[in-house]
Structures are given as C-alpha cells and as structure tokens.
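Data block below; observations after.
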Amino acid sequence: MQDKMKKDIILAGVGGQGILSIAAIIGTAAVKAGYFLKQAEVHGMSQRGGDVQSNLRISNDPIASDLIPVGKADLIISVEPMEALRYVPMLSSEGWIITNTTPFINIPDYPSKEDLLKVIEEQHYHIKLDAESIAKEIGSVKCANVVILGAATPFLGLSYEQIEDAIRVMFGRKGEEIVNMNLAALKAGNEQAKQQIKLIR
Amino acid sequence: MQKLMLLGDEAIAQGAIDAGMSGIYAYPGTPSTEITEYILQSKEVKEKKIRAGWSTNEKTAVEGALGMSYVGKRAMTCMKHVGLNVAADAFINSSITGANGGLIVVSADDPSMHSSQNEQDSRFYGDFAMIPILEPSNQQEAYDMVHYGFDLSEKYRIPVMMRITTRLAHSRAGVVQSKMREQNEIRLSPNPKQFILLPGNARKQYKTLLVNQDAFRKESEQSVFNQYIDGPDKKMGIIACGLSFNYLMENYPRRISANPILKIGQYPIPVDQVRKMYDECDSVLVLEEGYPLIENHLRGLLNNGKQIKGRLDGTVPRDGELSPNLVAKALGMEVAEAKAIPSIVKNRPPALCKGCPHIFSFNAIKEAMNGTEKGHVFSDIGCYTLGFMEPYNAIDTCVDMGASITMAKGAADAGFLPALAVIGDSTFTHSGMTGLLDAVSDNSPITVFILDNETTGMTGGQTSAAHGRLESICKGLGVDPAHIRVLNPLPKTHEENVQVIREEIAYQGVSVIIPRRECIQTAARRLKTMKQTKEVTN
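These protein sequence lines map, in sequence, to chains A and B. 45 is the number that numbering that gives the first Met the number 0 gives to position 46 of the first sequence; each next residue is one higher, with no gaps. 347 is the number that numbering that gives the first Met the number 0 gives to position 348 of the second sequence; each next residue is one higher, with no gaps.
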C-alpha cells in the first residue's frame, strides 16, 4: 500500500504580491504528479490592500475539507513577514514557516521589522530571506514570489524538477527570458533555504 | 476525460456549458460572480452562441432567464444570497408558473459574512418556493448537479435551485467533465396558460405544485446526492449538508465513521432516511452550513423528542461558518487548544485604493459638511462603503442596495436636514432609480451623490448598466437639470467641488451630484490590455 502523502500549505501575503501564482505553480506540479488537490482562495481583498491567503492541500488520497484544520498545516509560505505570523495558529508543532523579510507597510500601526523578525525567530522551524533583494539581483523584483517558492521547495513533497517543469508550463507563453528568470529565482531561493536548513540541523 | 482544476463557481459554469444551456443572466455578487465571469471569458461560449451578460439587478436577471425558459431553452441565473431578496418576486412566482426549458437558479451564500450584510440561508427560499434544491459538497458535485438539475427541471417543468457557499465557490479541485449535449430548440409550452398568473390560472398551477411535492420528496429519497452511510454506534446519528459533510469526513482519518451519517445534497429533505436515523439512534447531530433549518424541523417547536444537537443547543456556534475543528468539537473529539496569533500581528482591513476617486469625493463632502454634526450621510453597497473606515469616517448608514436614497428621503421627511445620499453608479441603476423617483415626486430636499467610477467596482470591475446614462436617467426621472452637477473628483478640483456641494445642499429640492472618474483598477487593466494589443500589432 502506498505511503500516505499529504501536504497542507498556507500561502500568505498582501493582495498583489503573487501568492496565487505560487499556488498555481505548486498546483500544476501536484496535479501532473497525479496527486489530489484542493486550493481555497480569498477573493476581492487583493485590490484593496488586505491580507490574502490560500489553503493548498495536496494528497495521494481524496481530500475532504477545502479548509486546512487548525493546527494541521505543514507549511506556511509567506511573501510578507507579518502575514506569516498571522497563520501561526494553523501550523502543526512540526510545521515550517518560509517567509520573506521585506515588510509591506500599508497600515499606520505596522510593527517594526526588528520586532517582527524576533517573533519569527521564536517560531521553531523557519526559513527567512530577503526575497526582494535576491529577485532584484536576478533581474526583477516581480519574481520575489518565486524566490520564496524556491525556498519552500524542500518541503513540498514534490521534486525540484517537478516545480521547474510547472514554471515552464505556467510562464511558457511569456517567452524564454521570463521562464529563465523565474527558474533562476527558484534556484536562488532554494540555495538560501538549503544553507539555513543546514544550520538548523 | 481530462481533469480540469476548477473553482466551485467555475465547475457550475462549465457544467452549464456542457449541459446545453442557452443563456446565463446575473448581477455581480460575491461569491457568485465567477460563474458568469467564467462564461463571459469562454471561447466555447462564443462558438456555441450562448447568451451571456450582466443584468441591471437580480430580479431582471431571473426574469430574463425565465423568458428564455418560456421559449423552451435552458437558462441559468446566478446571484449572491441577498440578491435572491431582490429577485424574490420573480423567483417565488416562477415556481407557480413553472418552467418550460430547464431553469436553474444559483444562489451563493456567505456564512460568516466574509463580504455581505448577513448570512441568510437560501435554502429557506427554495423551501418557501417549494422547489427542489441541490447543494453540492464538492466541485465535482457542483459540475454534475447542473446537468442533473436541468434534467430535473425539465422532467417536472419547475425551476430548480442550486445553493452553494463561499468556501466551495472559491475553492479549486479536480473536476471530470461528462459528455456535452446540445442546446434545446425553441419550443413553446404545450400548456398555453402556463405563464399567466391570473388567479383562476394560478390556483390550478399552485395545485400542481402542491401535488408535485410528493414526487420531489421521492426524487430526494432516491437521489445519488443523498447518502445514508450506516454505522454501528447508534448513540448518535449525524446529518451533514453540503460542505459540512467534508468537514465531518476530514475528522475521520480513514474516512470511516462509527456513527451513522446522512449526507444531504438534495431537498426536499429525504424524510424516510431522516426517520430511519431518528428511530435507530438515541440522538441526532445536525451539521448545516447556514441556518439551523433541518435542525429546527427535527427539534420541532416543543423540542420534546430525542436529543437534537446542533446550532440551537450550542454544540456548534449559532452563527458563522463551520470548519473541521468546530465539527471535531461537536463530535466530542479531543481538540488541542489553538495557539494565539502573536500579538504583534495587526489587522489589515480592506481600504480604498490609493488614488481612488471616492477618496476625493468624500474629502469634498466632509469639508462641505464641516460644522454639521455626524449622522447625515446615508450610503449604500459598493467600494465607497469603505468610506466608513478611518481616516474617512464619511458615511453613517449602509443597509441594502439603493437604501441610501430612500433612507435620506425618509430622514428629510422627518425634518432631519441636510440629508445626503451616497450611492455608486451600478448600485444606482440596480435599485436607486425608483427611490430617486420617490424623491422627485415629493420634491424632497435631498442631495444625492452618484459616485460614477464607470464600473461595478467591489466585485471586480464588471460593466455597469449606468455607463453613459446617468444624466439622461436623472433628467428622465424629473430631476431639474440645473441641479444635476458633474464633478471631477481630484485634489486640484477640491475647492470648486466643495463650492458646488454647498450650493446643492442649500437647495431645497432634489439635487444629484455626479463625481465622475474611472476606477483606477479598471483603468489600469484597460491600459495594460491596450498596451499588449499595441505590442502584438506592431
């Protein structure tokens, strides 16, 4: 009998930061690999600077609930540091947080970056990276979300190549340059994660 | 066949295309909007010449669909739960006329009011109209139920309701398509009196509806969407409707329950199966994503039967949506205390976009009203409702579509002046025109602001029926053209705008002020598309 594979992933960010694109890449890879998938989204707030999240569930068994039960998420993938912490109640005790460190400040009472990073560091399993800077080095700040995805690839239950293939599928019609830039973004994020995992272990 | 990854809404849309629908009629409303948007963007729909478009409101949408059904073709109409309130006259009477071509009314509810004024349960309306209701538990059922629904509708010549909720509408999963079928040809009803509701006729039609109730119940008993899953532990039976079935199954690691379960996806309630559970079990837990409708039925007014657990006895919360964890608690399972969100996390409430024209409209209104105590600005449903939030604090009411104008009039009638109404362009054509006519008929001294951003903004920028017509509509309703003023809501025009507003507030008759500037979101998308088209042609 096949081993049970399940990944319950929370994707988080502010509207416009591209979390649904990340969800689509992971989803494409998971479906191609033959897994069942459910992905619940929040609509409408993206235009208005609100927090957005997606519940992404992957499994080799049919999936019942569209919502991830509280305390059962394996992974929080966040393109914004404060948003990463909003979903801490959802995370299992063995769960990982993969987060960008660049704040998106659109409210008057946004906390200080140092305080945010301190709280993130208190969470037991986490990987944090400055996705904007890495993305800029690669060629465009627009691929910051794919940098974060790269950092999350060791935790998705899918192979790195499967994610690369999905990127080719998703960005193919935008041309080879865009595809290569996103593949480079993925790799850069992945390298960052590998270094940090080594330190934790 | 290929598996498509579809939102619940999209599954319904694709299901309709594949089931031979000829037309869809809808007004935007979260979480139903994506059904019609999917159809509007579909190449298939254009090839098959399926009629698709936004109606002025939900009532005209239901009536348009009924008109298509009248000539024998299959039609669907979609709305959010409160939209059904607007459509109720057409909806309830369509169950008396019945249908000719298959007719499906999709109503999308919003438990927990993620983006609505209430969490009313559309199953109440289906029950009130005495028609079958289909309630999918997952995306595949949502797709399959459309074909089934059209068949059921044509078999009994009755509209069929389909009821979904936010968490299914906006969740994506794999859906397998079934065989496509052709649309119907035009073919009028064999009963020429079917659609005439003069009392003599209506009584006959109503008797037919009453006679059919038994048949609808039999269909429910035999329906593949209602499933009795027996279990050995008869201390408690569990009834689970729609999405709550998923949350229930999520709590069983191997998807096997010791308690008997009745999954309900088709109404009228399958009474025989409910009776079986009630007779065999000591107690019944009812899980409904919405109001405790089934729970209430079982409990009865006197609650002197077996123990019925659900929302009414606190087993699950009285209000709000269900979740896997709430269901786990209801089942008596060990649920670990959830960690708290770290206190450093602050709320990011939705806010008006930077540069939104409404901001400058509100700034001008507030300055013109400087010195007047709060309470005089009656508003409505749209992006501008966010004018309630800090730092604008610009509006005092928001109740239902069009209420801004009519409440302002009521307040003015009571001597409370000035009375300002703030309404959007799409909301105005939806239900503001009739209120404005009331005001004109009484020469009420109200000042109506129609914030014209040339779109239906809050739901994602759908086309607005008001576009290019506001001035002529207001003149046609009898507003004095000298008191129809168009403003440009920008920082640089602030002073002149304040001046105009002051003049019209002073005027003791109906004033309509139209601050007009395109929504920055639709403008940005339009420019992006233009740029892309230019790049392609170059």
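Glycine is no exception: its CB is placed at the ideal position from the N, C-alpha and C atoms.
Query - Minimum length 3: unbroken beta strand (DSSP E) runs contained in the region 160 to 190 of chain B - result: 170 to 175
### Message
Can you confirm whether B/Ser322, when its beta carbon is compared against all beta carbons of chain A, has any partner nearer than 8 Å?
### Response
yes
Exercise. Considering only the beta carbon of each residue, do A/Leu10 and A/Ile21 sit closer than 8 Å?
Worked result: yes
Inset, instruction - Could you round the C-beta distance between A/Pro68 and B/Pro444 to whole angstroms and report it? I think they count as a contact, below 8 Å. - result: With a Cβ gap of about 56 Å, A/Pro68 and B/Pro444 do not count as contacting.
Element boundaries [beta strand (DSSP E), containing A/Asp50]: Asp50 to Ser58
*With a Cβ-Cβ cutoff of 8 Å, do B/Met67 and B/Gly19 count as a contact?*
no
Compile a chain-ordered list of the residues in the region 61 to 77 of chain A whose CB is closer than 9 Å to at least one CB of chain B. Pro61, Ile62, Ala63, Ser64, Asp65, Leu66, Ile67, Pro68, Val69, Gly70 and Lys71
When DSSP builds the beta bridges, which residues end up paired with B/Met4? B/Gly173
**Study point:** Alpha-carbon spacing of B/Asp126 relative to B/Ile260, whole angstroms
**Key:** 23 Å
TODO: Enumerate in chain order the residues of its own chain whose CB-to-CB distance from B/Thr536 is below 7 Å, with the five nearest sequence positions on each side excluded.
DONE: none
Any C-beta of chain B under 8 Å from that of A/Arg167: no
Name the chain B residues that come within less than 8 Å of A/Pro88, Cβ to Cβ?
Ala337, Lys338, Ala339 and Ile340
Exercise. Closer than 7 Å by beta-carbon distance: list the chain A residues that pair up with B/Asn245, in chain order.
Key: Ala63, Ser64 and Asp65
Checklist entry - Of all Cβ atoms in chain A, is any one closer than 8 Å to the Cβ of B/Leu284? => result no
Member of B/Gln507, B/Arg171, B/Phe359 and B/Ile307 whose CA lies at the smallest distance from the CA of B/Val439 | B/Gln507
Helix, strand or coil: which one does DSSP assign to B/Tyr227?
strand
With 16 other CB atoms within 10 Å as the buried threshold, where does B/Gly313 fall? exposed
Practice item. Buried or exposed for B/His357, please, with buried defined as at least 16 other CB atoms from any protein chain shown within 10 angstroms of its CB. Key: buried
Requested in this report: For chain A, find out if any of its Cβ atoms is closer than 8 Å to the Cβ of B/Ala172; answer yes or no.
Outcome: yes
ask   = What residues in its chain sit with their C-beta under 6 Å from that of B/Ser188, if we drop five residues either side in the sequence?
value = Asn99
Are B/Val283 and B/Tyr290 closer than 8 Å when you measure CB to CB?
-> no
* Straight-line CA distance for B/Gly475 to B/Leu435? -> 11 Å
**Asked** Is there contact between the region 379 to 396 of chain B and the region 522 to 537 of chain B, where contact requires at least three CB pairs shorter than 8 Å?
**Response** no
* **C-alpha gap between B/Ile228 and B/Asp120, whole angstroms** => 26 Å
Fully enclosed by the region 453 to 532 of chain B, which alpha helix (DSSP H) runs are 4 residues long or longer?
469 to 476 and 493 to 505
Item to complete: Determine the extent of the beta strand (DSSP E) in which B/Phe387 is found, giving its start and end residues.
Response: First-last for B/Phe387: undefined, no H or E at that position.
Answer yes or no: do B/Val85 and B/Asn56 have a C-beta to C-beta separation smaller than 8 Å? yes
* Below 8 Å, can you find three or more Cβ-Cβ pairs linking the region 194 to 203 of chain B to the region 24 to 38 of chain A? -> no
Measuring alpha carbon to alpha carbon, tell me which of B/Ala60, B/Asn92 and B/Asp412 ends up nearest B/Cys77.
B/Ala60
According to DSSP, which residues form a beta bridge with B/Met78?
B/Ser106
Point to revise | Short CB-CB distance (under 8 Å) between A/Val118 and chain B | key: yes
Please compile the residues from chain B whose C-beta is within a distance smaller than 7 Å of the C-beta of A/Leu115. Ile343
Determine the chain B residues that contact A/Ile106 at a beta-carbon separation under 7 Å, and present them in chain order.
Lys345 and Arg347
- Item | Beta-carbon neighbours of B/His296, restricted to chain A and to distances below 8 Å | What B/His296 touches in chain A: nothing, since even the nearest Cβ is about 26 Å away.
* What three-state label does DSSP hand A/Glu121 in the structure shown? -> helix
Checklist entry - Using 8 Å as the limit for Cβ to Cβ distance, is A/Arg85 near chain B? => result yes
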